[in-house]
Amino acid sequence: MTDSTPDLPADLPADEASEVTDGAYRPAGESSEVTETGYLPAETTADPPPVAAVAPSDLLPPEDVAIDIRNLSHRFRNHLAVDRVTFQVTPCSLHGFVGPNGAGKTTVLKLICTLLQPQTGAVRVHGKDVSRDTKAVRRLIGFMPDHFSMYRQMTVTEYLDFFAAAYGLGLADRRRVIGDVLALTDMDGRRDSLISGLSRGMQQRVSLARVLVNDPDLLLLDEPASGLDPRARIELMEILRALRQMGKTIFISSHILSELAELCDSVTIIDRGQIRYSGSMRNLLEQESDTTAFRIKVPGDQPRIENALLGLDEVAAVTRIEDSDDYRIECAPGSESANRLLAAVLELDIPIEGFQKDLRHLNDAFMDLTEQGVR
Amino acid sequence: MLRGTMALMIRGLRFDCRRWQMHALRFLLVAIFLFTLVISWIEYVVSIGTSPGLSFFSYITYTNFAFITLGGMSFFTSAITEEKEEQTLGLLKMAGVNPLGILLGKLGPRLANALLLLAIQFPFVQLAVTLGGVHHRQIQAVYVTFAGFIFLMAGLGLLASVVARRTRGAALMVSAAIMIPLITQMVMAIFGRSGSSHPLLTEAREAIVWISIWSVVERLSAILSLGFDDSPLQLQFYCHLGGAAALFLTSWFIFEPCTRQPHTDAESGQISRQVRSRIRLRTLGLAILIVLPLAVIVFVAYPSARAALTGQQPSFVPVYESVAAVTLVLALGLPLITILVAAVKRQSVGRDIGECWTNNWSLVWKDLHFVSGGAVGLLNRIILYSLMTGVIAGLIGFFGNGAGWDWSLLGGWMLGVGLFAGTLELASNVGRGLRTEVQWQTLSTLALLPQSIRAMLWSKLLSGLLALIPAATMTLIGFLLLLPPMAEAIVEQIERTGSGFSDMIGLLYLPMMITLLILEILLFVELTAFFALTIRWGYVVLALICTYFMNTVGGFAWSMFMILVSVGRLGQGNPAGAAFYTQLMILAPWIVATGICVALLIALYHAIESRVRHLASQS
Chain A
5 MTDSTPDLPA DLPADEASEV TDGAYRPAGE SSEVTETGYL PAETTADPPP VAAVAPSDLL
65 PPEDVAIDIR NLSHRFRNHL AVDRVTFQVT PCSLHGFVGP NGAGKTTVLK LICTLLQPQT
125 GAVRVHGKDV SRDTKAVRRL IGFMPDHFSM YRQMTVTEYL DFFAAAYGLG LADRRRVIGD
185 VLALTDMDGR RDSLISGLSR GMQQRVSLAR VLVNDPDLLL LDEPASGLDP RARIELMEIL
245 RALRQMGKTI FISSHILSEL AELCDSVTII DRGQIRYSGS MRNLLEQESD TTAFRIKVPG
305 DQPRIENALL GLDEVAAVTR IEDSDDYRIE CAPGSESANR LLAAVLELDI PIEGFQKDLR
365 HLNDAFMDLT EQGVR
Chain B
68 MLRGTMALMI RGLRFDCRRW QMHALRFLLV AIFLFTLVIS WIEYVVSIGT SPGLSFFSYI
128 TYTNFAFITL GGMSFFTSAI TEEKEEQTLG LLKMAGVNPL GILLGKLGPR LANALLLLAI
188 QFPFVQLAVT LGGVHHRQIQ AVYVTFAGFI FLMAGLGLLA SVVARRTRGA ALMVSAAIMI
248 PLITQMVMAI FGRSGSSHPL LTEAREAIVW ISIWSVVERL SAILSLGFDD SPLQLQFYCH
308 LGGAAALFLT SWFIFEPCTR QPHTDAESGQ ISRQVRSRIR LRTLGLAILI VLPLAVIVFV
368 AYPSARAALT GQQPSFVPVY ESVAAVTLVL ALGLPLITIL VAAVKRQSVG RDIGECWTNN
428 WSLVWKDLHF VSGGAVGLLN RIILYSLMTG VIAGLIGFFG NGAGWDWSLL GGWMLGVGLF
488 AGTLELASNV GRGLRTEVQW QTLSTLALLP QSIRAMLWSK LLSGLLALIP AATMTLIGFL
548 LLLPPMAEAI VEQIERTGSG FSDMIGLLYL PMMITLLILE ILLFVELTAF FALTIRWGYV
608 VLALICTYFM NTVGGFAWSM FMILVSVGRL GQGNPAGAAF YTQLMILAPW IVATGICVAL
668 LIALYHAIES RVRHLASQS
């Protein structure tokens, strides 16, 4: 079950923990030592670590959640694409859906959006079964596939007007809705442009605008940021945040883990058709960590800092992060308060440029939970 | 160069081996041959045909001619355009393959496949010699003729493929290259008839025949005639071979200029957009309302005006000239007035919100405007069909027997041409509507709309029918012109016959044939739609070939009917029995053919729906 209010250290909110820095934007868990090879877990084996499946007792009633998937399986000839999948997505949340290539993400998305019929198990959207109430479900969802599904010889307005008309919107509603979605996606200035002449980022925005014309409660986005440049990607993420604030539930499948970690409240990791994790993002990043750890950033080389920190009662261990000015401080049992640790460090008169809770990166969690090899 | 060319050729051959469509096509050809063999045998049994070998060989020959002509329009025309559409032509160039290498590498496998398909038939058609009526020399001559013809079609297809941006455009160019010599020859015949006997004109007419595909028809009819004893290698073969070489060289020469600029939708789309956006359905409707009274005035006033100019009596002015004048007014006046109306109305480049029709009609609106061409497409078709009517009227006027103008003759031509062109147009529009959805991966978004898949399919047909208004108008006018003589014939039939069941059948014959024709048209449209969802290029042509195949099956049904004729002869001693067999002979093949058509229509409809659902879940 998704939990959008994760447990935090008693006296330091999660948001603050990620922003006590030297002023630069620094997301929680982002560290400079993380390299391409660093993501690989030391003992990657054929058997992934056992993961707590979503217990039936943890599941909320289907009417109370945006997406309710129970014991869902789907087979393509001899290939079992989805294997007894169970998870839920709470309303008004931004839920990430992560998995390696061929893990079954797109199949699950297509099952949710009624493009495929479930073979076994049940999929419900706001309590409505996708097999029985297909039409009602389609009214509730907006699906953006991982490719540009667009009529390129139309202008932006024609494209949106066509979809709004197909949903049966009246003339006044169409004018209002198209104006709104164009404003939201910042495409108002290109309303008369041919879609074929738009950049990839703009086409993605038009695609998102199209998804929004029927005002769906649930947005299903398959790899929305793939192929976009960094600016377009950041802008897209901003739009998604705005949509969440408008009360939409967003279910987003993506490979760009750093952005998902920063954007999503909750996450589901799928591998080889099976759910490896489903729950709050914070819980995932804190999972399997026996001790509470913080990370401080100091200016330049400070040879005495390691010994000074070890001298504190609150500190159990100090490790310098390779090739950086960061130190990882593991707290002694019973001294997990960020405020107390920070106060103690400040008393040592060490110049500090940044201080944050040390979380696992989503990449690490992903690598730990999924199997190695091409699928 | 050789390495790159070989790599392309091997890839092409491998690709063709893996495509099930190629095997299906070969299977279809074999099936047609088998049927022709059965038909020839039945004809021999019922004593219609005297030499089954010649009959069998004639069927195969003309089937081959149809296959090569239709195949050439799709098979060879995609040689270079497929690389353009996939945007891989630049990669081939970057890989160091020069234009000649690309042309040889792309055309080679296609040519090899086509020639192999022809060569493999050769041992089997020797059966015609055993069956009687055909000589070995005739078989050799026919296959040599076809070899030359294949080379010509390959050259023609390659040139069109180099020039055109898309396969569809290339196929249209080849179609034009087939039809234009025929029309030119007709026009020259008209000049010849009207007194111009310049030797250059005769030579030009002959030259057109020998360089075009129509020399194949002349050559085949000469070969299949009794007493043929010429050499297999004749002028047609050399002309076609030379023509093919010239076309290949031209393709090579223009390859670089034609493929230098990569094609983008945005470039071509923006230009056509400017025109398309300013001419809308209402604009066109208004222009038609202005032009129609003008056309009537021209028709009424033309004889007097012409008489005033030439000093003749108005009654001596040929009617076809008035018809041609009206068609010219439509073809030239309508676009001018449409542009004027559009300029007055000052339409914006983009459409306003609310122009799209709502609910299920939104899908019809989309396909009508963005697949069938919208108002501009309709305008183009009105111009085309008006010009065609004018040409037909002119030809009838020139070739008429001097007994006066015959409206029903013009009506018959208009009905025939309108029906044929309309069928092709409908199938092409429906097929393209579906192909575009597959190509742009939009089926998944359409499938999620509140409209069902069936509603989507019906909207495609409806938009195709709306785009058919010009062709339908031409057909309707033709039908109305034919109606008086038809009504007379029916009244005569009623007066002549009694009230027996056999007389009723006689009256029902025409509606029965019309029903079958409509069913066959629908079948052709459904086949095109199905192939559009299955193959990337040449779906209309494949549907045409399949319809031809079904007509061969229909021919089989006809043969069965002829068996019944012979059975019917048994009842000649008994008039009541003979009448019964006559009724059976008319009804039985019709019921069989209608039943097969209806069953196929239902099966194809479900197959198309299931295919769309499958593709939507995949895209």
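Going down the list, the sequences are from chains A and B. Every letter in the first sequence is one number past the one before it in our numbering, and letter 233, counting from 1, is 237. Every letter in the second sequence is one number past the one before it in our numbering, and letter 447, counting from 1, is 514. We put the beta carbon where it would ideally sit given N, CA and C, even for glycine.
Residue nearest to residue i in terms of C-alpha spacing, selected from the options
i      : options                        : result
R74/A  : F370/A, G183/A, R81/A, P65/A   : P65/A
R25/B  : E270/B, A271/B, H307/B         : Since the first residue shown for chain B is 68 and the last is 686, residue 25/B is missing from the structure and cannot be characterised.
S228/B : Q207/B, Q193/B, F315/B         : F315/B
G338/A : D317/A, A169/A, R195/A         : D317/A
K160/B : G478/B, G71/B, F94/B           : G71/B
W507/B : T103/B, E152/B, S141/B         : E152/B
V192/B : T130/B, L178/B, R177/B         : T130/B
L216/A : V181/A, R286/A, S258/A         : V181/A
A140/A : A289/B, G498/B, L515/B, T251/B : L515/B
T118/A : I199/A, G100/A, I145/A         : I145/A
R235/A : S258/A, R209/A, L224/A         : R209/A
G483/B : P517/B, S107/B, F546/B         : F546/B
I99/B  : I77/B, F142/B, T128/B, G199/B  : T128/B
G175/B : F132/B, A74/B, L575/B          : A74/B
Neighbourhood of residue i by C-beta distance below 8 Å, restricted to the same chain and skipping five residues each side
i      : result
P52/A  : Bear in mind that the predicted position of P52/A carries a pLDDT of just 43, short of 50, making it too unreliable to give a figure here.
L350/A : I356
P402/B : L446, I450
Own chain residues within Cβ distance below 7 Å of residue i, not counting five before or after
i      : result
V408/B : T350, L353, A354
A494/B : F591, V592, T595, V607, A610
I135/B : F213, F216, I217, M220
S488/B : Going by the sequence as given, residue 488/B is Ala instead of Ser. So the list reads A538, once near-sequence residues are dropped.
S197/A : T159, V160
S22/B  : Because chain B is modelled from 68 through 686, residue 22/B falls outside the range shown and cannot be assessed.
L682/B : V505, L510, L600
F91/A  : V58, I73, T272, I279, S282
T661/B : T582, L583, L586
I357/B : I404
Sequence-distant residues of its chain with Cβ nearer than 6 Å to residue i (five each side left out)
i      : result
L476/B : I463
C84/B  : none
T234/B : T144, S145, T148, W604
V322/A : E310, L313, L314, Y331, I333
T124/A : S77
A392/B : V365, Y369
S230/A : none
Q207/B : P299
P552/B : S475
Chain-ordered neighbours of residue i on chain A, where CB pairs are closer than 7 Å
i      : result
I420/B : T161, D165, R178, R179, I182
S684/B : K114, L119, L120
F437/B : Y155, Q157, M158
I511/B : Per the sequence presented here, residue 511/B reads as Ser, with Ile not at that position. Neighbours of S511/B on chain A, chain order: L119, P149, S153.
Chain-ordered chain B contacts of residue i [CB-CB under 7 Å]
i      : result
R142/A : L515, P517
K132/A : Near K132/A there are no residues of chain B at all, since even the closest Cβ is about 14 Å away, more than 7 Å.
A320/A : What A320/A touches in chain B: nothing, since even the nearest Cβ is about 54 Å away.
K252/A : Result: empty, since nearest Cβ-Cβ is about 17 Å, beyond 7 Å.
Chain A residues whose Cβ lies nearer than 9 Å to that of residue i
i      : result
K412/B : Residues of chain A passing the Cβ test: none, with the nearest at roughly 18 Å.
W507/B : F152, S153, M154, Y155, R156
K527/B : Result: empty, since nearest Cβ-Cβ is about 14 Å, beyond 9 Å.
Interface residues of chain B facing residue i [CB-CB closer than 8 Å]
i      : result
G172/A : T425, N426, P517
L175/A : I420, G421
K109/A : Neighbours of K109/A on chain B: none; closest Cβ ~15 Å, over 8 Å.
K139/A : P517
Proximal residues of chain A, C-beta to C-beta of residue i below 8 Å
i      : result
L430/B : A170
Assess contact between the stretch 158–174 of chain A and the stretch 107–117 of chain A, defined as three or more Cβ pairs (one per stretch) separated by less than 8 Å. Is contact present?
Under the Cβ criterion (8 Å, minimum of three pairs), the stretch 158–174 of chain A does not count as touching the stretch 107–117 of chain A.
Is the stretch 421–435 of chain B close to the stretch 514–530 of chain B, with three or more CB pairs under 8 Å?
With a cut-off of 8 Å, the stretch 514–530 of chain B and the stretch 421–435 of chain B count as touching, because enough Cβ pairs lie within range.
Kindly confirm or deny that the stretch 451–463 of chain B and the stretch 373–390 of chain B touch, where touching means at least three C-beta pairs closer than 8 Å.
Judged by Cβ distances under 8 Å, the stretch 451–463 of chain B makes contact with the stretch 373–390 of chain B, as three or more pairs qualify.
Could you tell me which whole alpha helix (DSSP H) segments of length 4 or greater appear in the stretch 488–539 of chain B?
If only uninterrupted alpha helix (DSSP H) runs of at least 4 residues are considered, those enclosed by the stretch 488–539 of chain B are 510–514, 520–533.
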